[in-house]
Ligand code: RUQ
Ligand code: CUA
Ligand code: CA
């Protein structure tokens, strides 16, 4: 650190910066809602944030026309319920992948193929049309992304979706049984037992809201019945492998590089069912799951099931886990209502941010394993640092050079701090200056991630900060504001704010990965679609009583059928295969008054089923501009009365 003089030493005895107790929560709520930025804090004077204009914009931030971004960003979208793909560092949005919610552009929730993935009720309508995606992570191999899959949560309906990263489409959605408020998600990075499996085979999911188990409506007033489940989903089959019943709740999730440990931070050890109750204790917990032991317990038949679910549920409660040598779960005490648990790229530490405590807690994984082995007597000794970093710390990213970057929601700042220095400070060396830099962001950051952050290949180039409030940073467009994702250059000692970009509300977590880790295909393989119409000559109307199949192909600028005839009341399944093989040659298919619209990408097949209940002539037309004769690309659907 060559700029130590600029940075004040770690503050001690800052009254306002001590743990925020319940009495201070009114103030917390105020700061969230108002435009004033932590004006009352006596924050350790951060080095003044340089105005972006003082710095030359490094080459490559805004790609020149035709240039590509060096990184993909995989973004959650919050309550728009989709996944977004961005180019980083430009922040250009390239794609939205509908997962949990319908999407008119591509016909997600309209085609039979997408409805099958989303799930339907008996009458064929969608089970759910809302979603809330917060956390997305991609599959690993050898500690880095392998470009197979990404997973994303739906907090509202406790579903996990998988996205294939070859085609950037959602291919499976699984319900987590007996879970409400499914929040954090993290794939494992290796198998705890078989060292040959050095890639993701499990995805861990945290259930945030405790509910009575089973949730029958009878036990609302029996606190002892309320529990949360930590779930493990098979990465390939997407079936729920097992769940762990815990005391308190889960929030976010992390996994270790050796596959032996997964963790969840927990803000409601109080098991409060009212807002105030959840903040009554000074400390909460970060739970560590011993994955090999959990799976052994399942194998040994030491589990229960709840309600209709067949998923084995093992006992991870305090009561059942007192003896370290047999414990499945370790409850590590961390300060008040922690948020975020993040794994450092050197594979040594998990970091829990304090949220209602101005601290970050560093937990050494080797010591957690020692505790499980009976070699460490006091579980508290797994904590190697608990240091003050600023107000409202939430999420942490890493640069691969030993530094952590934590969002300070209340301070509207990013703080860069050095993990080994923090450990030294905690051990008693008060001269260890662990805070390296502070930078104001705009405003109130929630999530943060750095390029390749939670991989062994963390490269310390870019930091993206998900600011929850944009306030005055963009042209005003009425009451609903875009959020502000800020791009910060972290390649030097000081963080440098490079760019703002607006995002439609409201993304949470995201990852940033080198573009060559993904190998997307831009044309489908026709064989992936069982209904593919391989030869345009197979097109036609095929009747079986009232059930009618219409087979059509598209090839710019025409559909294979110029018209097709139906009778009122027919149950129609229309199958469309796009025979174009040219990259980017997508066609659309819309049927007026029938609420049908979808696209077929090159070599893709999609189908829709509907009742021909309105007689008349309906011009089905291509919605996706494909050719000079795009407007002429139509076919007549004639429904006879
Ligand atoms: S959690 S700030 Cu899902 Cu932090 Cu979003
Ligand atoms: Cu085909 Cu437009
Ligand atoms: Ca609490």
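In the working numbering, the protein residues as written are 661 to 1301.
In this text, a Cβ means the ideal position worked out from N, Cα and C, and glycines have one as well.
Item to check | For residue 692, three-class secondary structure by DSSP | outcome: Taking the first residue of the chain shown as position 1, residue 692 is located at position 32. Because residue 692 carries a pLDDT of 37, less than 50, the predicted location of this residue cannot be relied on, and the following value inherits that uncertainty. Helix at residue 692.
Checklist entry - Can you tell me whether residue 1182 is buried or exposed, with buried defined as 16 or more other CB within 10 angstroms of its CB? => result Taking the first residue of the chain shown as position 1, residue 1182 is located at position 522. Answer is exposed; the Cβ neighbour count stays below 16.
Checklist entry - Just to check, is the beta-carbon of residue 1029 closer than 7 Å to a non-hydrogen atom of ligand 1? => result Taking the first residue of the chain shown as position 1, residue 1029 is located at position 369. It does not: the Cβ of residue 1029 is nowhere closer than 7 Å to a heavy atom of ligand 1.
Checklist entry - If we ignore side chains and look at the alpha-carbon of each, how far apart do residue 1005 and residue 1108 end up? => result For the purposes of this step, residue 1005 is identified with residue 345 of the chain shown, where counting begins at 1. For the purposes of this step, residue 1108 is identified with residue 448 of the chain shown, where counting begins at 1. Roughly 15 Å between the two C-alpha positions.
Next on the checklist: Please tell me whether, using a cut-off of 7 Å, the distance from the CB of residue 1286 to the nearest non-hydrogen atom of ligand 2 is below it.
Outcome noted: Within the chain shown, residue 1286 is the residue found at index 626, counting from 1. Checking every heavy atom of ligand 2 against the Cβ of residue 1286, one is found closer than 7 Å.
Next on the checklist: I need the boundaries of the beta strand (DSSP E) containing residue 1211, first residue and last residue.
Outcome noted: Locating residue 1211 in the chain shown gives position 551, where the first residue counts as 1. It spans 1207-1215 - the beta strand (DSSP E) in which residue 1211 sits, taken as one unbroken run.
Checklist entry - Of all residues in the structure, which have a C-beta closer than 5 Å to any heavy atom of ligand 1, taken in chain order? => result 794, 1106, 1168
Next on the checklist: When you compare the CB positions of residue 730 and residue 1116, do they come within less than 8 Å of one another, or not?
Outcome noted: Counted from its first residue, the chain shown places residue 730 at position 70. Counted from its first residue, the chain shown places residue 1116 at position 456. The answer is no: Cβ separation not under 8 Å.
Checklist entry - Do residue 1231 and residue 1211 have their C-beta atoms within less than 8 Å of each other? => result Here residue 1231 is taken as the residue at index 571 of the chain shown, counted from 1. Here residue 1211 is taken as the residue at index 551 of the chain shown, counted from 1. For residue 1231 and residue 1211, no; Cβs fall outside 8 Å.
Next on the checklist: Within the continuous beta strand (DSSP E) that includes residue 862, where are the two ends?
Outcome noted: Looking up residue 862 in the chain shown gives position 202. Counting along the chain, the beta strand (DSSP E) containing residue 862 begins and ends at 862-869.
Item to check | Coarse secondary structure for residue 819, derived from DSSP in three states | outcome: Numbered from 1 along the chain shown, position 159 holds the residue referred to as residue 819. In the structure shown, residue 819 sits in a strand (DSSP, three-state: E or B).
Next on the checklist: For a minimum of 3 consecutive residues, which ranges assigned as the beta strand (DSSP E) are wholly contained in the segment 818-851?
Outcome noted: 819-824, 829-835, 840-847
Checklist entry - Would you say residue 944 touches ligand 5, meaning its beta carbon is less than 7 Å from a heavy atom? => result Absent from the structure shown: ligand 5. Ligands present: ligand 1, ligand 2 and ligand 3.
Checklist entry - What's the call for residue 1301, buried or exposed, on a 16-neighbour Cβ count within 10 Å? => result Working through the chain shown from its first residue, we reach residue 1301 at position 641. The residue is exposed, with fewer than 16 neighbouring Cβ atoms inside 10 Å.
Checklist entry - Taking just the CA atoms, how far does residue 1085 sit from residue 760? => result Residue 760 sits at position 100 when you count from the first residue of the chain shown. Residue 1085 sits at position 425 when you count from the first residue of the chain shown. The alpha-carbon atoms of residue 760 and residue 1085 are separated by roughly 46 Å.
Checklist entry - Just reading off the alpha helix (DSSP H) that residue 953 is part of, what are its end residues? => result Locating residue 953 in the chain shown gives position 293, where the first residue counts as 1. 951-959 is the extent of the alpha helix (DSSP H) around residue 953.
Item to check | Reduced DSSP category for residue 1048 - H, G, I as helix; E, B as strand; rest coil | outcome: In the chain shown, the residue the question calls residue 1048 occupies position 388. Residue state, collapsed to three classes: strand.
Checklist entry - Candidates 888, 1077, 867: which alpha carbon is nearest residue 1062's? => result The residue labelled residue 1062 in the question sits at position 402 within the chain shown. Nearest option by C-alpha distance: 1077.
Item to check | Backbone CA spacing between residue 1009 and residue 1118 [nearest angstrom] | outcome: Taking the chain shown and counting its residues from 1, one reaches residue 1009 at position 349. Taking the chain shown and counting its residues from 1, one reaches residue 1118 at position 458. For residue 1009 and residue 1118, the distance between alpha carbons rounds to 15 Å.
Item to check | Boundaries (first-last residue) of the beta strand (DSSP E) holding residue 1300 | outcome: Against the chain shown, residue 1300 aligns to sequence position 640. Counting along the chain, the beta strand (DSSP E) containing residue 1300 begins and ends at 1294-1300.
Next on the checklist: At the level of alpha carbons, what is the spacing between residue 1143 and residue 1244?
Outcome noted: Within the chain shown, numbered from 1, the residue matching residue 1143 stands at position 483. Within the chain shown, numbered from 1, the residue matching residue 1244 stands at position 584. So the two alpha carbons sit approximately 30 Å from each other.
Next on the checklist: Just to check my reading of the structure: residue 850 and residue 919 have Cβ atoms closer than 8 Å, yes? What is that Cβ distance to the nearest angstrom?
Outcome noted: Along the chain shown, one-based indexing puts residue 850 at 190. Along the chain shown, one-based indexing puts residue 919 at 259. Going by Cβ atoms, the distance from residue 850 to residue 919 rounds to 4 Å, so yes, they are a contact pair.
Item to check | residue 1177 - DSSP class collapsed to helix/strand/coil | outcome: For the purposes of this step, residue 1177 is taken as the residue at position 517 of the chain shown. Note: residue 1177 maps to helix in three-state DSSP.
Checklist entry - Is residue 876 near ligand 3, judged by its Cβ being under 7 Å from some heavy atom? => result As a working mapping, residue 876 is identified with position 216 in the chain shown. Residue 876: no, Cβ never under 7 Å from ligand 3.
Checklist entry - The alpha helix (DSSP H) with residue 1026 in it runs from where to where? => result Numbered from its first residue, the chain shown carries residue 1026 at position 366. Start and end: 1025-1032.
Next on the checklist: Quick check: the Cα distance between residue 900 and residue 836, rounded to an integer number of angstroms?
Outcome noted: Taking the first residue of the chain shown as position 1, residue 900 is located at position 240. Taking the first residue of the chain shown as position 1, residue 836 is located at position 176. If you take the alpha carbons of residue 900 and residue 836, they lie about 7 Å apart.
Checklist entry - Using DSSP with H/G/I as helix, E/B as strand and the rest coil, what is residue 1106? => result Position 446 of the chain shown, counting from 1, holds the residue named residue 1106. Strand at residue 1106.
Checklist entry - Mind checking residue 935: buried by the 16 CB within 10 Å criterion, or exposed? => result In the chain shown, counting from the first residue as 1, residue 935 sits at position 275. Counting Cβ neighbours within 10 Å, residue 935 comes out exposed, since fewer than 16 surround it.
Checklist entry - Is residue 1013 near ligand 3, with its Cβ less than 7 Å from a heavy atom? => result Translated into the one-based positions of the chain shown, residue 1013 becomes position 353. Residue 1013 Cβ: outside cutoff for every heavy atom of ligand 3.
Checklist entry - Can you find a heavy atom of ligand 2 that lies under 7 Å from the Cβ of residue 1266? => result Locating residue 1266 in the chain shown gives position 606, where the first residue counts as 1. Checking the Cβ of residue 1266 against ligand 2 gives no.
Item to check | Sufficient close CB pairs (3 or more, under 8 Å) joining the segment 1131-1138 to the segment 749-767 | outcome: no
Next on the checklist: Taking the beta strand (DSSP E) that residue 1055 belongs to, which residues open and close that run?
Outcome noted: Numbered from its first residue, the chain shown carries residue 1055 at position 395. Element bounds for residue 1055: 1053-1058.
Item to check | heavy atom of ligand 3 below 7 Å from residue 927 C-beta | outcome: Residue mapping note: residue 927 aligns to position 267 of the chain shown, counting from 1. Indeed, a heavy atom of ligand 3 lies less than 7 Å from the Cβ.
Checklist entry - Between the segment 1031-1038 and the segment 1067-1074, do three or more beta carbon pairs fall short of 8 Å? => result no
Checklist entry - So the beta strand (DSSP E) residue 614 belongs to, where does it begin and stop? => result With the chain represented from 661 up to 1301, any question about residue 614 goes unanswered, as that position is not in the structure.
Checklist entry - The beta strand (DSSP E) spanning residue 915 covers which residue range? => result Position 255 of the chain shown, counted from the first residue, corresponds to residue 915. Run containing residue 915: 913-915, per the beta strand (DSSP E) assignment.
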